[in-house]
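A short write-up of the structure that comes next.
In the UniProt record's numbering, the protein residues as written are 1 to 82.
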C-alpha cells in the first residue's frame, strides 16, 4: 500500500477583484487564475468582500490556488504542461 502525502495548494497573492455575471465577487490571483470570494454566512464568512475598503485591504493577501495545485499534481504524474 502506498501512503499519500498531504498536498497543500500553492499560495498566490490577490491581484484584483471583479464581479461575475451573477454579481458575486471573485479575485484574480497573481498566477492569473480566478477564484470566487463569496460572503455566504454561516458557511463562508468573508464580510470584507462586501465593501471597497475591505477588498483594498485584502490586496496582496495569499489564498490557496487549487488550479495551480491541479497543474502541479498533473505535471508530477507525467502528463502536465508545467
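No residue lacks a Cβ here, since even glycine has one placed at the ideal position from N, Cα and C.
Cut-off 6 Å between Cβ atoms - residues of its own chain near residue i, not counting five sequence neighbours on either side
{"i": "residue 12", "result": "29, 30, 31 and 65"}
{"i": "residue 68", "result": "10 and 31"}
Coarse secondary structure for residue i, derived from DSSP in three states
{"i": "residue 59", "result": "coil"}
{"i": "residue 33", "result": "coil"}
{"i": "residue 23", "result": "coil"}
One or two residues paired with residue i in a DSSP bridge
{"i": "residue 16", "result": "28"}
{"i": "residue 44", "result": "40"}
{"i": "residue 64", "result": "11"}
C-beta contact flag for residue i and residue j at 9 Å
{"i": "residue 71", "j": "residue 14", "result": "no"}
{"i": "residue 18", "j": "residue 34", "result": "yes"}
{"i": "residue 63", "j": "residue 27", "result": "yes"}
Own chain partners of residue i with C-beta closer than 8 Å, once the 5 adjacent residues on each side are dropped
{"i": "residue 38", "result": "24, 25, 44, 46 and 49"}
{"i": "residue 54", "result": "47 and 48"}
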